[in-house]
Amino acid sequence: MAGDKDLKKPSESDGAQDGQQGSPSSNFAERLSKLEANLVKKGALKKQNSKDERSENSAQVAQAMKISSEFIAGIVVGALIGWSIDQVAATSPWGLIIFLMLGFAAGVLNVLRVTGKVAEKDDLSLRAQEHEKE
């Protein structure tokens, strides 16, 4: 084939003719560092979370799991007590309805206590004692 003579195989010297100098691995490292710098400038590449941020996030997730489990436990316990009262006293469905609402209220109260929105009984008595001393 006559056209095969015109085709050349690429060689390492061809890269130097295109304006690229040095070994291919050093060129790659340079291009990679330039790309990372450009991405950081544009905000596309975010830095990885530090260890403190990750531990803070995991602590928040643990707190959320604790609060949600206490809320659900209050509702479930109220429903079980109401259902068992209905079975014993044959008052179906009133025991379940009343104790389900009481369980919901207990769950909300537990959430408020954990988050610090409602003072606990001990805190109120301490405040009252301090107020009496004044």
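Just so you know, full-length UniProt numbering puts 130 at position 130 of the sequence shown, and the rest follows in order with no gaps.
Idealized CB from N, CA, C, for every residue including glycine.
Nearest to V76 by CA position, among K121, L96 and Q87, is which residue? Taking the first residue of the sequence shown as 1, we reach residue 76 at position 76. Nearest option by C-alpha distance: L96.
With DSSP collapsed to three states, give me the class of K117. Working through the sequence shown from its first residue, we reach residue 117 at position 117. Reduced to three states, the DSSP call for K117 is coil.
At what residues does the alpha helix (DSSP H) containing S33 begin and finish? Position 33 of the sequence shown, counted from the first residue, corresponds to residue 33. P24 to K42 is the span of the alpha helix (DSSP H), which, as asked, contains S33.
Minimum length 4: unbroken alpha helix (DSSP H) runs contained in the region 50-86: List check, alpha helix (DSSP H) in window: nothing returned.
Assuming contact is defined by CB atoms lying nearer than 8 Å, are F71 and V118 in contact in what I supplied? Within the sequence shown, numbered from 1, the residue matching residue 71 stands at position 71. Within the sequence shown, numbered from 1, the residue matching residue 118 stands at position 118. No.
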